[in-house]
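With the numbering used here as the guide, the letters of the sequence shown map in order to residues 414 to 841. Beta carbons: idealized from backbone N, C-alpha and C, even for Gly. Right, one structure below, let's go through it.
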Amino acid sequence: MEKRPPAPTLLITDDNSVNRKALNFILREAYPNIIETSDGESCLHRLKNHNIDLLLLDLNMPNKSGFDVLEELNENPIPCRDSHRPAIIVVSADNQPSTISRALKLGASDYITTPFNRDELLARVKTHLALRMREQDLEDRVTERTHELEAANQRLKQTQNQLIQAEKMVSLGQLAAGVAHEINNPIGYINSNLGSLESYLEDYRKLASAYKHTEIITTSKEAQDIQNNIDFEHTNHEVEQIIHDSLTGVRRVRQIVADLKVFSHPEQQEWQQLNINECIHSVLNIVHSEVKYKADVQLNLAEPIIEIECITTRIYQVITNLLVNAAQAIETFGKINISTEHADKQLIIKIEDTGSGMSPDVLNKIFDPFYTTKPVGEGTGLGLSVSYGIIESHGGKILVESTEGEGTCFTLRLPVKQTIGLTTAPKS
Ligand SMILES: Nc1ncnc2c1ncn2[C@@H]1O[C@H](COP(=O)(O)OP(=O)(O)OP(=O)(O)O)[C@@H](O)[C@H]1O
Ligand SMILES: [Mg+2]
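This is how it looks when you write it as structure tokens:
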């Protein structure tokens with residue numbers, strides 16, 4: 414049912430009480446809300462403090478005349494709620510064309526000369542109220558439409574950003590897939606050769622130590638010199654260390670390549686049920702050493718426990734990345750809040766820290782692979798780009814809010830039940 418507009422409020426301003434009563438008498442049957450004032454000052458006061466729809470204004474009044482009222486309204490428009498100026502009908506005995514045109518120029522909507530005809534007065538009041546109502550309705554609609562357009566524009570911007578991000582991810586993903594493929598092979602044989610070298614070296618070590626403990630009298634001066642110049646203990650230890658370090662390095666590269674593959678190559682696998690509380694607790698155990706000296710961790714986990722359909726190892730990976738990042742962003746000691754919530758068939762996980770926060774410039778790049786602000790060797794810059802890929806392939810969203818110098822909040826939104834095809838699910 415359509416809402417009926419409220420009854421209009423009329424204001425009669427005239428210093429002559431007989432005139433006021435006459436106007437009131439004619440109008441009150443049709444318009445019960447009538448206020449009367451006898452001077453310009455109180456007329457302005459009423460206009461500012463009440464929602465007046467129509468003003469019937471006398472021109473000749475002591476102190477503040479009708480013209481003064483009109484001029485003041487032009488200089489200081491009424492700061493009322495709907496910012497509407499009421500319709501103003503001047504009622505005056507002065508029928509000089511110059512007076513009439515001056516009043517109209519100053520913003521009067523109409524001019525009625527006395528003595529007036531009752532029906533004409535009613536008709537004019539009715540017309541101006543209808544016009545005012547239409548004007549108000551139009552303005553309301555413009556305001557509403559402007560809000561709708563602003564909201565649509567905001568949504569469009571967000572979608573555009575997401576599209577740009579997704580597009581970037583696809584092309585970077587292809588690039589990363591190529592790089593990962595190229596690196597995988599040489600790393601494979603370096604790893605296996607280093608493994609073989611380690612075991613062959615053991616044979617050499619045995620042989621060398623057997624020679625060392627056997628008194629071998631060699632006639633070759635050259636061989637004796639070599640034997641005397643080599644510190645076998647030291648060399649053996651060094652070679653062992655070098656091979657060990659190289660193998661550690663190669664394993665790290667393999668891990669990076671594996672991460673790159675997740676980011677670029679979502680592979681098929683079955684969805685599994687994950688108890689998110691258990692996941693958060695075990696991730697906290699894993700990253701305990703990273704976090705315990707940096708922050709008090711506060712948990713605010715939803716009850717009953719939320720289970721989601723996902724690739725569990727991948728969700729572990731994302732939460733690990735976010736927690737490590739949060740701890741690393743805290744310089745001395747701070748707080749990390751982890752909360753979960755169930756809303757609209759989605760699991761919402763928030764990881765909030767009181768760390769360094771990020772500038773808008775950094776914020777724009779954090780999902781780019783290899784983007785890091787951490788010292789060389791400390792961060793690869795893959796954590797968030799991999800996490801982005803994982804959450805997207807789960808049909809979820811990863812959002813971030815950050816204030817430089819105050820902290821950061823990452824929000825994950827994940828569907829509780831999967832509806833997207835398994836071909837897009839990442840393999841663990
Ligand atoms: N919670 C946070 N607070 C402040 N800055 C952050 C936060 N999380 C991420 N960042 C910024 O985003 C960058 C990218 O993060 P990302 O996890 O992708 O890589 P990384 O942590 O530098 O390295 P990696 O995770 O590969 O070891 C970080 O170097 C850091 O500048
Ligand atoms: Mg990281």
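- Within the DSSP bridge table, the entry for Gln685 names Cys723 as partners.
- Ser605 and Val670 have their C-alpha atoms roughly 16 angstroms apart.
- Between Leu827 and Leu760 a beta carbon distance of about 5 angstroms is seen, short of the 8 angstroms cut, so the two are scored as contacting.
- Those residues that bring their Cβ nearer than 6 angstroms to a heavy atom of ligand 2 are Asn734, Val737, Asn738, Gly792 and Gly796.
- In this structure, the beta-carbon distance from Asp466 to Pro419 does not fall below 7 angstroms.
- Looking at the DSSP output, Thr745 shares a beta bridge with no other residue.
- Apart from sequence neighbours up to five positions away, the residues of its chain that approach Ile721 with a beta-carbon distance below 7 angstroms are Leu687, Ile689, Leu760, Leu827 and Val829, ordered along the chain.
- The shortest CA-to-CA distance from Tyr784 to any of Glu691, Leu795 and His694 is the one to Leu795.
- Looking only at Pro773, Gln741, Ile728 and Val504, the smallest Cα-Cα distance to Glu765 is reached by Gln741.
- If you look at Val503, you'll find it in the beta strand (DSSP E) that goes Ala500 to Ser505.
- In the three-state DSSP reduction, Ala521 falls in the coil class, being neither helix nor strand.
- Taking a C-beta distance under 7 angstroms as the contact criterion, Thr821 and Ser815 qualify as a contact pair.
- For Ala564, the number of other beta carbons within 10 angstroms of its own is below 16, and it is reported as exposed.
- With contacts defined as CB atoms closer than 7 angstroms, Thr767 and Leu714 fail to qualify as a contacting pair.
- Rounded to whole angstroms, the Cβ separation of Gln711 and Ile803 is 25 angstroms, and the two are not in contact under 8 angstroms.
- Between Leu436 and Leu470, the C-beta spacing is not below 7 angstroms.
- For Arg433, the uninterrupted alpha helix (DSSP H) segment begins and ends at Ser430 to Leu440.
- Within the region 798-830, the runs of beta strand (DSSP E) at least 3 residues long that lie entirely inside it are, in chain order, 810-816 and 820-828.
- The beta carbon of Ser772 lies closer than 7 angstroms to those of Glu817 in the same chain, with the five residues before and after it left out.
- In its chain, beyond the 5 residues on either side, Val503 and Tyr524 have a beta carbon closer than 6 angstroms to the beta carbon of Ala516.
- By DSSP's assignment, Ala756 forms a beta bridge with Gln759.
- Annotated three-state conformation of Thr556 is helix, per DSSP.
- Between Leu812 and the set Pro788, Leu776, Lys787 and Gly790, the nearest pair of CA atoms involves Leu776.
- Counting the other CB atoms within 10 Å of its CB gives Lys707 a total of 16 or more, which places it among the buried residues.
- DSSP places Gln711 inside the beta strand (DSSP E), whose first and last residues are Ala708 to Asn713.
- Just measuring C-alpha positions, the residue of Leu607, Asp452, Glu615 and Leu535 sitting nearest Arg664 is Leu607.
- For Asn641, same chain residues with a beta-carbon under 6 angstroms away, outside a window of 5 residues either side, do not exist.
- The beta-carbon separation of Asp507 and Asn476, rounded to 18 angstroms, does not stay under the 8 angstroms limit for a contact.
- No Cβ-Cβ contact shorter than 7 angstroms links Leu534 with Ile425.
- Here Asp427 is buried, its C-beta having at least 16 other C-beta atoms within 10 Å.
- Taking the Cβ atoms as the reference, Val737 lies roughly 6 angstroms from Val700, within the contact range of under 8 angstroms.
- For Leu486, the enclosing alpha helix (DSSP H) covers residues Gly479 to Glu488.
- Per DSSP, the beta-bridge partners of Asn750 are Gln711 and Glu765.
- Boundaries of the beta strand (DSSP E) harbouring Leu424: Leu423 to Thr426, taken from the DSSP string.
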